[in-house]
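Asks:
There are 4 protein chains.
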Amino acid sequence: MRMFRNDYSEGAAPQILDALVRTNDEQCVGYTEGDPHCERARALIRAEVGRDDVDVEFCCGGTSANIIGVTGMLRDWEGVICTRDAHINVHETGAIAACGRTVLPTTDADGFLSPDEAERVWQFQTSTGRHMTRPALVYITNSTEIGGVWTRARFDAICDWARSHDLKVFLDGARLGSALTSDESDLTLSHIAQNVSAFYLGGTKNGMLFGEAMVIADPMLKEAFPYLVKERGGLMAKGRLLGVQFEAAFERGGNPCEAGRSAAGDTDSTTDGAGIASHGERSEALYWRLARHANSCAYRMRDGLVELGFKPYGHSASNQQFFVVTPEQERALAQATGCETFYVLDDGARVVRFVASWATSEADVDELLELAGTI
Amino acid sequence: MRMFRNDYSEGAAPQILDALVRTNDEQCVGYTEGDPHCERARALIRAEVGRDDVDVEFCCGGTSANIIGVTGMLRDWEGVICTRDAHINVHETGAIAACGRTVLPTTDADGFLSPDEAERVWQFQTSTGRHMTRPALVYITNSTEIGGVWTRARFDAICDWARSHDLKVFLDGARLGSALTSDESDLTLSHIAQNVSAFYLGGTKNGMLFGEAMVIADPMLKEAFPYLVKERGGLMAKGRLLGVQFEAAFERGGNPCEAGRSAAGDTDSTTDGAGIASHGERSEALYWRLARHANSCAYRMRDGLVELGFKPYGHSASNQQFFVVTPEQERALAQATGCETFYVLDDGARVVRFVASWATSEADVDELLELAGTI
Amino acid sequence: MRMFRNDYSEGAAPQILDALVRTNDEQCVGYTEGDPHCERARALIRAEVGRDDVDVEFCCGGTSANIIGVTGMLRDWEGVICTRDAHINVHETGAIAACGRTVLPTTDADGFLSPDEAERVWQFQTSTGRHMTRPALVYITNSTEIGGVWTRARFDAICDWARSHDLKVFLDGARLGSALTSDESDLTLSHIAQNVSAFYLGGTKNGMLFGEAMVIADPMLKEAFPYLVKERGGLMAKGRLLGVQFEAAFERGGNPCEAGRSAAGDTDSTTDGAGIASHGERSEALYWRLARHANSCAYRMRDGLVELGFKPYGHSASNQQFFVVTPEQERALAQATGCETFYVLDDGARVVRFVASWATSEADVDELLELAGTI
Amino acid sequence: MRMFRNDYSEGAAPQILDALVRTNDEQCVGYTEGDPHCERARALIRAEVGRDDVDVEFCCGGTSANIIGVTGMLRDWEGVICTRDAHINVHETGAIAACGRTVLPTTDADGFLSPDEAERVWQFQTSTGRHMTRPALVYITNSTEIGGVWTRARFDAICDWARSHDLKVFLDGARLGSALTSDESDLTLSHIAQNVSAFYLGGTKNGMLFGEAMVIADPMLKEAFPYLVKERGGLMAKGRLLGVQFEAAFERGGNPCEAGRSAAGDTDSTTDGAGIASHGERSEALYWRLARHANSCAYRMRDGLVELGFKPYGHSASNQQFFVVTPEQERALAQATGCETFYVLDDGARVVRFVASWATSEADVDELLELAGTI
């Protein structure tokens, strides 16, 4: 059975892999420095975000993107405000500190950075002048660590707060595809691009072998990125690989096919294809179609599990779904579905995570549900 | 009136200053590297702590000592567990992160690092292996940021916890003099020296112009200190200044005089001198006498303020005393006594700090109390 | 015409790419943490180097490997001795300094670190104790920046020197395949593995999309690597990609086909295949066959250019070949062949580099020579 | 006999020490943050350098000043060009790298950074864009490591070069007093202040217990200094100590006495006093008088040694004097005078250094010369 452990268990979506194979013999200059694929991908992304004045740069993965994005907008004594469960605060082995900068976590527990908590941290950190790390940046993630999807209102609130305090905003978009194609998202890519200092379009968790595309409006980071990506080890010699993948992800029209593995590999892709087609955007870029497909599978899974009596943890309208289960269920589900345990609650209950991706099919979900019904 | 702002408002205690003046014309090799004063101070401190096998090194100040002590016992991806109000977490402008290491704060709110909270942080940080900063060190402060004095039982508990988890222990002793001469302390210097990996005897806040003496049992820090103190800018060219001051502070017998400015400068030092003498250790080193004197003034102040109806914040048996006051009282007291505001409580009340030092006299305290009685 | 700019102009060798395609749909745990491909690749590499007690780890690229390998074996105040043209000293944007460590270049001008120069630097750096960066590591590259191939005698000399000074040795193997298959190399992989603290088998420049495999004997780096690779952004979520590629590169027997693109794509691969076959190791791992093929093309190119009257710069028996040309020749050759300029000599002459790779065919070389004959 | 080992063998010049004693009992706010002595010292230094728009900040020592000044004007991937013997390149245990920045040494062998060599390094470092550390700052020292005094022409040449390449200039003034009062200096303090981005007036080596005063014109460093000095451990709690010392050093008129220990302590200060008086500036600040006195002793020593047949190494018109001696002479001189060995020349000859300071008297020099005559 297909596991629901995470969205980076497989290789690449077939369309992405195909592009890599198709272009494999081409000779390109290295390091993303002007090869036609990177240049085309840059143009496509600029068009997608609706700004000509942004820089588009690539790096090898999410931690690399966070290192460069965050430290590239901070001076030595400055810090970044984020939620306590933020990836940079928890899951990157102190990567920001390793580059000499300080992470300033709030107590927000739902994954969304709130203006109130940001204000509290800011007040505290600026209360004794140069004796404390000066906040200069806000870090948010869409979707959040526990699958939350930012609404426009919520997004505007934190951006407004940051602007009013002269702080920059960095958006970690490792799962931005899933977030923006969520059926509960009213936030658009261009609105994000208009309001943050920098953000990235995650590739690794949305059907690419690897790679993230950074969109940079901030002048300080525009200057920093090309150097930092090399200095911090995130620059790929065969930079064309990033170009080729993002080109395939954002090229429209030329790839009018269905999304993901299920569509490519299944003999019966009608339902799935129809589901995507019903959205009415045949020319939608592959990047969005892959994410939309993952969400669609995640909703089917979520609704099915709820129907079976499983209790959701929080509310997610993205490709990660969290449920509260007993330790016995945890064991059985982990074994059968690959789901991972995120938290142990005070009463001993477990929060487990199921993740759908471009590679998940409806049939996979149905198999999961059938199995879960027996646990 | 003498202000009670902090314990580093004046220059040096007269005995320390005198030693500097007396030795001013001597020629010494630089950098604490073998001049007779540093060597003598090292020997005195080794005797004081009761261990021949420790290294004793000097640096210019507390932040420098914390940088060297903490980062010298951590590898790049390791972190230090401490309370949320720890100096290294709050008041040093991200100095530990600036050296590439991560601070891992607990939620302990009383300044004492508890084994329970340390265990919680440790469990969390080791839950996903190399994706998270690995805790390798525990940082405690005696006295704590809000004046708390570690008991032996409490100290043993955290040291035992650390030992059982194979973590090292670093004790920030910026105010260790006041802590160990507290009338509520049952902890001894030699017991500390037997149980921590490294600690320092703070000079800056106990009557010296500047300087801290690090006592090092840990082999990793023994190797690191000489290099780090230079690399991190904490090594003084005129290293003898540190030797001279710590020599004066820990030489016994030769300095049978009373402690501090009040004793040296006041015409009427009988009471004060008697108070010290009554402790029955005429040969006690100046370092302890200065601290004991500061505590004595602090208790007189504390008891007097309580008698006047002021409400203590927490309980301090050291030279820093905290009180809860109204905003009106805060303003009047700050103006009159130099006390600083530490916290604004949820109900709007203020926590202010009064600090006594070697330079405080009983008369100063009485003047403070008289004034406070009118506020 | 195929350019001779570098050995990372194309994607992957067909056998590598094929392995990626073939395994694309498999689900694997992430981060190189135990998936079957990484585990198999580790076992193959351990067998290849002839040591069971080494750790084998993977990261995304050469700069990443250098960052982790070098800083993982240095404490904060320690430095690495290398030649002045070493990649870490010149072409990595200060990556080692960015991690807080110091590069200590010698004046060796031929790319080989000599014991004499290492001794000079060591003497100097240890002459004033802790006031200077302490050398703790030696960094060498095989093949060198200008194509030099280390002999066993030369290699033993620097390893002996390092051992006698209690320094570790790190070997940057970005082009180790080409070096060890050079017809002038008498050095073996197992001899290297027996004598250095750590080294890596470069994938990026030998037919993989990306990736380097670090072989670690040193206990300090064994402990460090898993954390540093995450903290420094070099860990890939889809770690299996590294496993799959190195598995394909070092699996024997199962891949009895010819090396590289030319063999795979050319209709007439007889000569090439025969050339490889004549080496008498049909079961030689793909990694070596790809490199041997690159060398073979490079020699043909070198000999042809010499015959045409071009003057070699230094002597290279590896896949990079350097020639001294006039500015006019430089322009014409760069345009026609993609060769890059490395140095401008004092007399205004240029040193240009031609690089052959797994993707180069004999026909490509002949085309180059024909063209060069007209310049 | 007084040793000539260095200019930081003694404590403080009597006038400085006296100021510390005189102000010892005053209560001041900490951290150089607004106490009257720091404020007065700032005003005096601004007047001395002839610019109202500079920031004047203090830190505990020279390495600290170099760390803050250099890294405060560099972004993460930028580097500083300096001579190979520059203090930051050799004698600070990799302090700049420890803060993540790269030192880019030239091959200038005489201590003076030349535009030609700076240009060569700049050309090289900018030849492959972001793959190499970008030079952004020039670091010079006056007087140089081997006692050289910058002329105005030389100084203007390097500043012009830096300006034309959009690089900043940092001047390490650890011995700026000696340099500017040299009888061969035609450079003025105000000219320096008009042309560099930042520099410091060294206190440690010119009669203070410790401390350097940074004069900052550069906006980037103005913003950085207050934070970096705390984050890097260079901020003193008793900041007033720095204020008091620099106030005493730059206050005019009120201190019409002679310079240094010899003048203060010798019964016969006539000659010395006359020598200073003859310069015709009775109101010259103590800072300059101390330095001028050190130079005067150094010249007497130099001329005397030359007369005795000793051979100078290079030419110094400042308080450090270098001579080439035999190994036998080296031993005898080191023992008798404390002189230190700087270099061992290729022929086995030694370069030894004699240093005069505010604490040196004419009688001390004569004693040295008498002794040297017997060696």
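Residue numbers (our numbering), protein chains in the order written: chain C, 57 to 431; chain G, 57 to 431; chain L, 57 to 431; chain S, 57 to 431.
Built from N, CA and C at the ideal position, the CB exists for glycine as well.
Cα-Cα, which of C:R102, C:G203, C:Y87 is closest to F408 (chain C)?
Replies: Numbered from its first residue, the first sequence carries residue 408 (chain C) at position 352. For the sequence presented, residue 408 (chain C) should be read as Val rather than Phe. When each option's Cα is compared against that of V408 (chain C), the closest is C:G203.
Asks: Taking Cβ-Cβ distances shorter than 9 Å, what residues in chain L pair up with A280 (chain G)?
Replies: Along the second sequence, read from residue 1 onward, the residue named residue 280 (chain G) stands at position 224. Ordered by position in chain L, the residues that pass the 9 Å Cβ test against A280 (chain G) are R131, D132, W133.
Asks: Run through DSSP, which three-state label would R406 (chain S) get?
Replies: Here residue 406 (chain S) corresponds to residue number 350 of the fourth sequence, with the count starting at 1. If DSSP states are grouped into helix, strand and coil, R406 (chain S) belongs with the strands.
Asks: Give a yes or no on whether 8 Å exceeds the smallest Cβ distance from H187 (chain C) to chain S.
Replies: As a first step, residue 187 (chain C) must be located in the first sequence, where it is residue number 131. It does: the Cβ of H187 (chain C) has a partner Cβ on chain S nearer than 8 Å.
Asks: Between which residues of its own chain and E423 (chain G) is the CB-CB distance below 6 Å, once the five residues before and five after are set aside?
Replies: Counting from one through the second sequence, the residue named residue 423 (chain G) turns up at place 367. Closer than 6 Å at Cβ, skipping near neighbours: M57.
Asks: Nearest-angstrom Cα distance between T237 (chain S) and L193 (chain S)?
Replies: Counted from its first residue, the fourth sequence places residue 237 (chain S) at position 181. Counted from its first residue, the fourth sequence places residue 193 (chain S) at position 137. Their backbone Cα atoms lie some 26 Å apart in a straight line.
Asks: Quick one: grab the DSSP three-state call for C115 (chain S).
Replies: Start at 1 with the first residue of the fourth sequence, and residue 115 (chain S) comes out as number 59. Strand at C115 (chain S).
Asks: Could you check how far apart the C-beta atoms of L76 (chain L) and G299 (chain C) are, in whole angstroms? I think they sit under 8 Å.
Replies: Here residue 76 (chain L) refers to the residue found at position 20 of the third sequence. Here residue 299 (chain C) refers to the residue found at position 243 of the first sequence. Going by Cβ atoms, the distance from L76 (chain L) to G299 (chain C) rounds to 18 Å, so no, they are not a contact pair.
Asks: Strictly under 8 Å for the Cβ-Cβ distance: is G156 (chain L) near chain G by that measure?
Replies: Residue 156 (chain L) sits at position 100 when you count from the first residue of the third sequence. It does: the Cβ of G156 (chain L) has a partner Cβ on chain G nearer than 8 Å.
Asks: So who's on the other strand from F255 (chain L), going by DSSP bridges?
Replies: Counting from 1 along the third sequence, the entry for residue 255 (chain L) is found at position 199. Paired residue(s): L:L227, L:V271.
Asks: At what residues does the beta strand (DSSP E) containing Y355 (chain S) begin and finish?
Replies: As a first step, residue 355 (chain S) must be located in the fourth sequence, where it is residue number 299. No beta strand (DSSP E) contains Y355 (chain S), which is instead part of the alpha helix (DSSP H) from 342 to 363.
Asks: Can you tell me whether E173 (chain S) is buried or exposed, with buried defined as 16 or more other CB within 10 angstroms of its CB?
Replies: Numbered from its first residue, the fourth sequence carries residue 173 (chain S) at position 117. It is buried - the Cβ of E173 (chain S) has at least 16 other Cβ atoms within 10 Å.
Asks: Determine the burial state of L401 (chain G): buried for a count of at least 16 other Cβ atoms within 10 Å of its Cβ, exposed for fewer.
Replies: What you label residue 401 (chain G) is simply residue 345 of the second sequence in a count that begins at 1. Exposed.
Asks: Going by other Cβ atoms of all chains shown within 10 Å of its Cβ, with 16 needed for buried, is G263 (chain C) buried or exposed?
Replies: Within the first sequence, residue 263 (chain C) is the residue found at index 207, counting from 1. Counting Cβ neighbours within 10 Å, G263 (chain C) comes out buried, since at least 16 surround it.
Asks: For D274 (chain L), which residues of its own chain have a beta-carbon under 8 Å away from its beta-carbon, when the five flanking residues on both sides are left out?
Replies: In the third sequence, the residue the question calls residue 274 (chain L) occupies position 218. Excluding positions up to five away in sequence, the list reads M129, K224, S253, A254.
Asks: In this structure, does DSSP put R107 (chain L) in helix, strand or coil?
Replies: Along the third sequence, one-based indexing puts residue 107 (chain L) at 51. Reduced to three states, the DSSP call for R107 (chain L) is coil.
Asks: Of the choices S:Y283, S:H93, S:G86, whose alpha-carbon is the least far from that of R190 (chain C)?
Replies: Translated into the one-based positions of the first sequence, residue 190 (chain C) becomes position 134. Minimum Cα distance to R190 (chain C) is reached at S:Y283.
Asks: When the Cα of L232 (chain S) is compared with those of S:F281, S:R140, S:L346, which residue comes out closest?
Replies: The residue labelled residue 232 (chain S) in the question sits at position 176 within the fourth sequence. Measuring from the Cα of L232 (chain S), the nearest candidate turns out to be S:L346.
Asks: So for V136 (chain G), helix, strand or coil by DSSP?
Replies: The sequence position of residue 136 (chain G) within the second sequence is 80, counting from 1. Residue state, collapsed to three classes: strand.
Asks: Classify Y87 (chain S) as helix, strand or coil using the three-state DSSP reduction.
Replies: Here residue 87 (chain S) refers to the residue found at position 31 of the fourth sequence. Y87 (chain S): coil per DSSP, three-state reduction.
Asks: Given P92 (chain G), which residues of its chain have a CB within under 6 Å of its CB, disregarding the five upstream and five downstream residues?
Replies: Taking the second sequence and counting its residues from 1, the one referred to as residue 92 (chain G) is at position 36. Nothing meets the Cβ criterion.
Asks: Our contact map puts N122 (chain L) next to D228 (chain L) with C-beta atoms below 8 Å; I'd like the distance itself, whole angstroms only.
Replies: Taking the first residue of the third sequence as 1, we reach residue 122 (chain L) at position 66. Taking the first residue of the third sequence as 1, we reach residue 228 (chain L) at position 172. Their Cβ separation, rounded to whole angstroms, is 6 Å, which keeps N122 (chain L) and D228 (chain L) in contact under 8 Å.
Asks: Leaving out the 5 sequence neighbours to the left and right, which residues in its chain are closer than 8 Å to A99 (chain S) when beta-carbon positions are compared?
Replies: Counting from 1 along the fourth sequence, the entry for residue 99 (chain S) is found at position 43. No residues qualify anywhere along the chain.
Asks: Taking CB distances under 8 Å as the criterion, tell me whether V146 (chain S) reaches chain L.
Replies: As a working mapping, residue 146 (chain S) is identified with position 90 in the fourth sequence. Answer yes: the Cβ-Cβ gap between V146 (chain S) and chain L drops below 8 Å somewhere.
Asks: From L:A142, L:T127, L:G267, pick the residue whose C-alpha is nearest to that of M292 (chain L); which is it?
Replies: For this step, residue 292 (chain L) is matched to residue 236 along the third sequence. Per the Cα distances, L:G267.
Asks: Tell me whether E268 (chain G) counts as near the ligand ZN, meaning its Cβ is closer than 7 Å to at least one heavy atom of that ligand.
Replies: No copy of the ligand ZN occurs in the structure displayed, which carries no ligand at all.
Asks: Whose CA, out of C:Q377, C:V126, C:Q301, lies closest to the CA of C94 (chain C)?
Replies: Taking the first residue of the first sequence as 1, we reach residue 94 (chain C) at position 38. For C94 (chain C), the nearest C-alpha among the options comes from C:Q301.
Asks: Report yes or no: is there a C-beta of chain G within less than 8 Å of the C-beta of K286 (chain L)?
Replies: In the third sequence, the residue the question calls residue 286 (chain L) occupies position 230. Chain G, which has a Cβ nearer than 8 Å to the Cβ of K286 (chain L), makes this yes.
Asks: If contact means a Cβ-Cβ distance below 9 Å, which residues of the stretch 406 to 424 of chain C contact chain L?
Replies: A415
Asks: Using a Cβ-Cβ cutoff of 9 Å, what residues of the stretch 117 to 130 of chain C are near chain S? List them in chain order.
Replies: T127, G128
Asks: CB V271 (chain L) to CB V146 (chain L), shorter than 8 Å?
Replies: Your numbering for residue 271 (chain L) matches position 215 in the third sequence. Your numbering for residue 146 (chain L) matches position 90 in the third sequence. The answer is no: Cβ separation not under 8 Å.
Asks: By DSSP, does G289 (chain G) sit in helix, in strand, or in coil?
Replies: For the purposes of this step, residue 289 (chain G) is taken as the residue at position 233 of the second sequence. DSSP places G289 (chain G) in coil when its eight states are reduced to three.
Asks: Could you check what DSSP says for L297 (chain L) in three-state terms: helix, strand or coil?
Replies: Here residue 297 (chain L) refers to the residue found at position 241 when the third sequence is read from its first residue. It is helical.
Asks: Assuming S241 (chain L) and V205 (chain L) make a contact with CB atoms under 8 Å, what is their CB distance in whole Å?
Replies: Sequence index remark: in the third sequence, residue 241 (chain L) carries index 185 (1-based). Sequence index remark: in the third sequence, residue 205 (chain L) carries index 149 (1-based). With 8 Å as the limit, S241 (chain L) and V205 (chain L) qualify as a contact, their Cβ atoms being about 5 Å apart.
Asks: Say whether chain S places a C-beta atom closer than 8 Å to the C-beta of Y283 (chain G).
Replies: As a first step, residue 283 (chain G) must be located in the second sequence, where it is residue number 227. Yes, contact with chain S.
Asks: So, at 6 Å on beta carbons, what are the nonlocal neighbours of R358 (chain C) in its own chain, with the 5 sequence-adjacent residues on each side left out?
Replies: On the first sequence, position 302 is the one that residue 358 (chain C) refers to. So the list reads Q377, once near-sequence residues are dropped.
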